[in-house]
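Q: Going by this note's numbering, the sequence shown opens with residue 7, and the numbers climb by one from there. Ideal Cβ placement from N, Cα and C applies to all residues, glycine included. Just so we're clear, the structure is a prediction, and the values are computed from it rather than from any experiment. Got a structure for you, questions after.
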Amino acid sequence: MSATTKIAVHSLADLKNTTDDALPNYLTSLKFKQFHTQTDIRLLLGYSAVAIAGVLFYFDWKHGWDATKAYTGPAVLVYFLLNGVFSYWMWAVEKGCVFEGEGKTGKIRISSTTKKHIPIYELSVTFSHPSSSLKQTIHIRAPFTRWFTSDGYFVAKPFQQWLASEIPIVGAADPNNVVEEIGRGSEAELERVLNASGVNVTDVLGQLKAGGGRKSGVSGRRRKG
Numbered sequence: 007m008s009a010t011t012k013i014a015v016h017s018l019a020d021l022k023n024t025t026d027d028a029l030p031n032y033l034t035s036l037k038f039k040q041f042h043t044q045t046d047i048r049l050l051l052g053y054s055a056v057a058i059a060g061v062l063f064y065f066d067w068k069h070g071w072d073a074t075k076a077y078t079g080p081a082v083l084v085y086f087l088l089n090g091v092f093s094y095w096m097w098a099v100e101k102g103c104v105f106e107g108e109g110k111t112g113k114i115r116i117s118s119t120t121k122k123h124i125p126i127y128e129l130s131v132t133f134s135h136p137s138s139s140l141k142q143t144i145h146i147r148a149p150f151t152r153w154f155t156s157d158g159y160f161v162a163k164p165f166q167q168w169l170a171s172e173i174p175i176v177g178a179a180d181p182n183n184v185v186e187e188i189g190r191g192s193e194a195e196l197e198r199v200l201n202a203s204g205v206n207v208t209d210v211l212g213q214l215k216a217g218g219g220r221k222s223g224v225s226g227r228r229r230k231g
């Protein structure tokens with residue numbers, strides 16, 4: 007299955023956003039129920055700030071400055087406070103979360119990141135099995151070229167195989183997409199992508215390994231869940 011929308015392959019933002027959109031679609035197709043609590047709170051904060059600005063503008067236009075000036079200062083203060091909380095929520099609480107939910111094989115939370123000018127998709131995955139409250143966190147990464155064609159089309163199958171092969175509870179929910187030797191991208195593959203990006207391969211690979219906290223980018227075997 008391929009996406010019909012073509013994107014600019016040199017736009018890292020387009021590559022990441024398209025992939026971020028595909029991830030929850032795949033997991034919900036596996037009967038994972040997505041939790042929307044964090045999104046709902048973010049929307050509430052954003053809409054509340056907009057509503058305050060809108061109401062203040064309406065009353066100022068309707069009744070004039072003299073009638074509304076006593077309320078303008080407090081309203082502006084609340085507006086900026088809500089925007090501050092909104093920003094804090096996005097960066098400190100959600101932290102790039104693209105999916106949080108639960109399925110028959112366990113609970114899962116996935117956050118995605120990319121590094122500037124480096125076309126590698128990185129995921130931080132926290133999950134727990136149904137029979138245990140113990141949470142495990144893994145870090146996986148792969149180049150976007152694994153699931154994007156050279157002319158900018160997203161291909162779902164290799165992306166789904168990567169997720170199913172690397173994340174135990176996803177693989178348990180979709181065993182047909184598990185490829186035992188898919189790995190998380192060999193160093194040779196990552197080096198090829200980094201070289202094409204014109205960056206220092208040694209430094210970046212070192213940073214990726216350090217950031218993962220474990221050898222999460224070069225192992226050829228899937229972790230056993």
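Alpha carbon to alpha carbon, what distance is there between histidine 123 and lysine 37?
A: As a first step, residue 37 is located in the sequence shown; it is residue number 31 there, counting from the start. As a first step, residue 123 is located in the sequence shown; it is residue number 117 there, counting from the start. Using only the alpha carbons, I get a separation of about 35 Å.
Q: With DSSP as the reference, label phenylalanine 38 as helix, strand or coil.
A: As a first step, residue 38 is located in the sequence shown; it is residue number 32 there, counting from the start. Looking at phenylalanine 38 - three-state DSSP - the assignment turns out to be coil, as it is neither helix nor strand.
Q: Does the Cβ of histidine 145 have 16 or more other Cβ atoms within 10 Å, making it buried, or fewer, making it exposed?
A: On the sequence shown, position 139 is the one that residue 145 refers to. When all chains shown are included, histidine 145 counts as buried.
Q: Hey, how far is the Cα of threonine 11 from the Cα of leucine 87?
A: If you number the sequence shown from 1, residue 11 lands on position 5. If you number the sequence shown from 1, residue 87 lands on position 81. Cα to Cα, the separation comes out at about 39 Å.
Q: Is there contact between the region 77-92 and the region 40-57, where contact requires at least three CB pairs shorter than 8 Å?
A: yes
Q: So leucine 18 packs on threonine 120, CB below 8 Å; how close in whole Å?
A: Residue numbering aside, residue 18 sits at position 12 when the sequence shown is read from its first letter. Residue numbering aside, residue 120 sits at position 114 when the sequence shown is read from its first letter. Going by Cβ atoms, the distance from leucine 18 to threonine 120 rounds to 6 Å, so yes, they are a contact pair.
Q: What distance in whole Å lies between the Cβ atoms of glycine 107 and proline 136, which are believed to be in contact at a cut-off of 8 Å?
A: Taking the first residue of the sequence shown as 1, we reach residue 136 at position 130. Taking the first residue of the sequence shown as 1, we reach residue 107 at position 101. That belief does not hold up - the Cβ atoms of proline 136 and glycine 107 are roughly 13 Å apart, past 8 Å.
Q: In chain order, what residues of the same chain lie with their CB nearer than 6 Å to the CB of lysine 39, ignoring the 5 residues before and after it?
A: Residue mapping note: residue 39 aligns to position 33 of the sequence shown, counting from 1. Cβ neighbours of lysine 39 beyond the five flanking positions: Gly107 and Glu108.
Q: Taking all protein chains shown into account, decide if tryptophan 97 is buried (16 or more other Cβ within 10 angstroms of its Cβ) or exposed.
A: As a working note, residue 97 is residue 91 in the sequence shown. So tryptophan 97 ends up on the exposed side.
Q: If you scan the region 79-152 from start to end, which runs of the beta strand (DSSP E) of 3 or more residues do you find wholly inside it?
A: 103-109, 112-121, 124-134 and 142-149
Q: Please name the residue, chosen from Tyr127, Thr155, Gly79 and Lys163, that lies closest to arginine 147 on a Cα-to-Cα basis.
A: As a position in the sequence shown, residue 147 is number 141, starting the count at 1. Comparing Cα positions, the closest option is Tyr127.
Q: Label valine 61 either buried or exposed according to how many other C-beta atoms from any shown protein chain fall within 10 Å of its C-beta, with 16 as the threshold for buried.
A: Taking the first residue of the sequence shown as position 1, residue 61 is located at position 55. By the neighbour-count rule (16 or more Cβ atoms within 10 Å), valine 61 is not buried but exposed.
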